[in-house]
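Residue numbers (our numbering): 182 to 464.
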């Protein structure tokens, strides 16, 4: 059995599932909230506004005002955790059904796991595409523009309670901070979770990723997976609009780091799966 056939099986069985219909629910309330707030002050949100708001995350935090300034980023956490849940169980589900037969017929453990990696990445792409589609529909519904240029008048809703001045980002900065960096981070976390499932129970793997997200909220570093997916932690926002003491992290460095984590997880997963007893995964 060729690798293409294995991948076709994963795409057919792993992506054509009803649970993906839940993806719009992760963002629709956020988009409706921002759109209604914008309409109340006579504005219409752009596509950039929608994505910046969805992945805003938490305000920059310094230790001295941690108790006073931190609002937990429920919207950001809901999106990340929701996608991780959607991608949590398919690898082990397939292994306990047709997976072992496929491995025996193909005689290619590495190919089987790499197919699951391709499915995982494609699944994340599908979820993110659904969120973008909902953002586009939201913009059209509220009469906004399909532009990545944000609306300074909506800064109070996008920028958190400590924002100084009106937020004004370029299209490139919005693309990186509000779309590309969150996507790459989400893909890396999802791949990390699947690789961890080769070592621990899926529930434990999911909880480890949740701990990583909590760490990202309290620890400022471009090498903390999750930090780069929060718009308000970007140096383009934190340094210029919150003050020098809240110096943010580089969005580009965070995105490259997340991409490196994704690749490392694939390599570690292949090596682990080639040498492990697959029957232990069924227990």
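Each residue gets a CB set at the ideal place from its N, CA and C atoms; glycine is no exception.
{"Check": "Status (buried if at least 16 other CB within 10 Å, exposed otherwise) for residue 455", "Outcome": "exposed"}
{"Check": "Residue 415 (DSSP reduced to helix, strand or coil)", "Outcome": "strand"}
{"Check": "In DSSP terms, what residue 430 is bridged to", "Outcome": "415"}
{"Check": "Outcome for residue 189 when other beta-carbon atoms lying within 10 angstroms are tallied against a minimum of 16", "Outcome": "exposed"}
{"Check": "Neighbourhood of residue 375 by C-beta distance below 6 Å, restricted to the same chain and skipping five residues each side", "Outcome": "272, 301"}
{"Check": "Residue from 267, 295, 266 whose Cα sits closest to the Cα of residue 280", "Outcome": "295"}
{"Check": "C-beta atoms of residue 339 and residue 234 nearer than 7 Å", "Outcome": "yes"}
{"Check": "Whole-Å CB distance - residue 361 paired with residue 407, under 8 Å assumed", "Outcome": "Contact flag wrong, Cβ pair sits at about 15 Å."}
{"Check": "Where residue 198 falls, given that 16 or more other Cβ within 10 Å makes a residue buried", "Outcome": "exposed"}
{"Check": "Residue 400 (DSSP reduced to helix, strand or coil)", "Outcome": "coil"}
{"Check": "Residue range of the alpha helix (DSSP H) that includes residue 186", "Outcome": "184 to 196"}
{"Check": "Where residue 363 sits in the DSSP three-state scheme", "Outcome": "helix"}
{"Check": "Given residue 259 as reference, the closest of 299, 221, 285, 210 once Cα atoms are compared", "Outcome": "210"}
{"Check": "Straight-line Cα distance separating residue 208 from residue 219", "Outcome": "17 Å"}
{"Check": "Buried versus exposed, by CB contacts within 10 Å (16 or more), residue 244", "Outcome": "Low per-residue confidence applies at residue 244: pLDDT is 44, beneath 50, and the placement is therefore not dependable, though the value from the model is reported in the following sentence. Classification of residue 244: exposed, given that the 10 Å Cβ count is below 16."}
{"Check": "C-beta neighbour in chain C for residue 356, strict 7 Å", "Outcome": "Given the protein chain composition of this structure (a single chain), no chain C is represented."}
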